[in-house]
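A.B. asks: Below are the structure tokens for one structure; questions will follow.
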Amino acid sequence: MSLLTALGLRALSLGDPKPPNLAATFLISNFIFAYALLSTRGIKRHYNFDHNCSPREDVSKYGETMVKEGKLDRKTLDRVKRWESAHANAVEGYSLFVGGVLLALHAGVPVQKLNGLMALYSLARVGYAASYILIENEGGSILRTLLWWTGNVSCISMMVMAGKRL
Numbered sequence: 034m035s036l037l038t039a040l041g042l043r044a045l046s047l048g049d050p051k052p053p054n055l056a057a058t059f060l061i062s063n064f065i066f067a068y069a070l071l072s073t074r075g076i077k078r079h080y081n082f083d084h085n086c087s088p089r090e091d092v093s094k095y096g097e098t099m100v101k102e103g104k105l106d107r108k109t110l111d112r113v114k115r116w117e118s119a120h121a122n123a124v125e126g127y128s129l130f131v132g133g134v135l136l137a138l139h140a141g142v143p144v145q146k147l148n149g150l151m152a153l154y155s156l157a158r159v160g161y162a163a164s165y166i167l168i169e170n171e172g173g174s175i176l177r178t179l180l181w182w183t184g185n186v187s188c189i190s191m192m193v194m195a196g197k198r199l
């Protein structure tokens with residue numbers, strides 16, 4: 034079985050079972066990515082400004098002070114701020130993804146098409162997060178915008194396909 038077939042992106046030969054529906058896998062992995070892997074708790078703990086009593090205020094409350102005291106450089110603080118923004122955006126975008134997937138499942142969108150759109154969304158979100166965190170200039174940030182739109186268009190495509198079937 035080829036990689037594309039295993040991912041449910043290509044039809045199997047006659048007599049083979051139908052392609053796997055990977056909706057649960059993509060929903061769970063994107064949840065973990067958005068809520069856990071992109072969380073700033075780890076990076077803030079690494080730089081010693083993670084405070085559990087009010088972690089959403091760590092960057093604004095302690096970041097500038099740490100730069101002034103020489104405990105953290107400006108470039109690192111700016112990267113942590115972008116990381117925090119990438120995390121918030123992934124959490125916000127997850128609901129659109131869930132809505133698109135559930136609507137497509139309910140409407141019976143073909144599994145291969147749904148698997149492809151979920152894979153596209155996932156790749157776009159990973160690329161988006163990496164570009165948000167790592168790109169430091171305005172010119173390069175256009176990549177982030179393109180990846181953001183790619184992810185959202187994949188979700189909208191799921192909804193449009195579902196709408197045509199309902």
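Using this note's numbering, you'd call the opening residue of the sequence shown number 34 and step up by one each time.
Where a beta carbon is used, it is the ideal one built from N, C-alpha and C, also for glycine.
What is the C-beta distance between Val100 and Arg107, in whole angstroms, given that I count them as a contact (C-beta under 8 Å)?
C.D. replies: Along the sequence shown, read from residue 1 onward, the residue named residue 100 stands at position 67. Along the sequence shown, read from residue 1 onward, the residue named residue 107 stands at position 74. Going by Cβ atoms, the distance from Val100 to Arg107 rounds to 6 Å, so yes, they are a contact pair.
A.B. asks: Rounding to the nearest angstrom, what Cα-Cα distance links Val134 and Met194 in this structure?
C.D. replies: If you number the sequence shown from 1, residue 134 lands on position 101. If you number the sequence shown from 1, residue 194 lands on position 161. Cα-Cα distance, rounded: 11 Å.
A.B. asks: So the candidates are Gly132, Ile168, Glu171 and Ser174; which of them puts its Cα closest to the Cα of Phe59?
C.D. replies: By one-based count along the sequence shown, residue 59 stands at place 26. Of the candidates Gly132, Ile168, Glu171 and Ser174, the one whose C-alpha sits nearest the C-alpha of Phe59 is Gly132.
A.B. asks: Comparing C-alpha positions only, which one of Pro143, Trp182, Thr178 and Leu176 sits nearest to Pro52?
C.D. replies: As a first step, residue 52 is located in the sequence shown; it is residue number 19 there, counting from the start. Ranking Pro143, Trp182, Thr178 and Leu176 by Cα distance to Pro52 puts Pro143 first.
A.B. asks: Ends of the alpha helix (DSSP H) at Thr109?
C.D. replies: Taking the sequence shown and counting its residues from 1, one reaches residue 109 at position 76. Where Thr109 is concerned, the enclosing alpha helix (DSSP H) stretches over Arg107 to Ala140.
A.B. asks: Does DSSP put Pro52 in a helix, in a strand, or in coil?
C.D. replies: On the sequence shown, position 19 is the one that residue 52 refers to. Here Pro52 sits in coil by DSSP.
A.B. asks: To the nearest angstrom, report how far apart Trp182 and Thr109 are at their CA atoms.
C.D. replies: Translated into the one-based positions of the sequence shown, residue 182 becomes position 149. Translated into the one-based positions of the sequence shown, residue 109 becomes position 76. Those two C-alpha atoms are separated by around 27 Å.
A.B. asks: Examine the Cβ distances between the region 170-182 and the region 73-86 and report whether three or more of them are shorter than 8 Å.
C.D. replies: No: fewer than three Cβ pairs fall under 8 Å.
A.B. asks: Could you spell out where the alpha helix (DSSP H) holding Gly173 opens and where it closes?
C.D. replies: Numbered from its first residue, the sequence shown carries residue 173 at position 140. Looking at the DSSP string, Gly173 is not in any alpha helix (DSSP H), and its letter there is neither H nor E.
A.B. asks: Would DSSP call Lys104 helix, strand or coil?
C.D. replies: On the sequence shown, position 71 is the one that residue 104 refers to. Here Lys104 sits in coil by DSSP.
A.B. asks: Count the other CB atoms within 10 Å of the CB of Leu167; is the residue buried (16 or more) or exposed (fewer)?
C.D. replies: As a first step, residue 167 is located in the sequence shown; it is residue number 134 there, counting from the start. Leu167 should be labelled exposed.
A.B. asks: Determine the contact status of Tyr154 and Gly184, defining contact as a CB-CB distance below 7 Å.
C.D. replies: Translated into the one-based positions of the sequence shown, residue 154 becomes position 121. Translated into the one-based positions of the sequence shown, residue 184 becomes position 151. A contact, by the Cβ cut-off of 7 Å.
A.B. asks: Give the range of the alpha helix (DSSP H) segment to which Ser155 is assigned.
C.D. replies: Within the sequence shown, residue 155 is the residue found at index 122, counting from 1. Val144 to Leu167 is the span of the alpha helix (DSSP H), which, as asked, contains Ser155.
A.B. asks: Within a Cβ cutoff of 8 Å, which residues of the same chain sit near Ala157, ignoring the five residues on either side of it in sequence?
C.D. replies: Your numbering for residue 157 matches position 124 in the sequence shown. Here the set comprises Leu180, Trp181, Thr183, Gly184 and Ser187.
A.B. asks: Excluding the 5 residues preceding and the 5 following Met151 in the sequence, name in chain order all residues of the same chain whose CB lies nearer than 6 Å to its CB.
C.D. replies: Residue mapping note: residue 151 aligns to position 118 of the sequence shown, counting from 1. Excluding residues within five positions, the ones whose Cβ falls inside 6 Å are Phe59.
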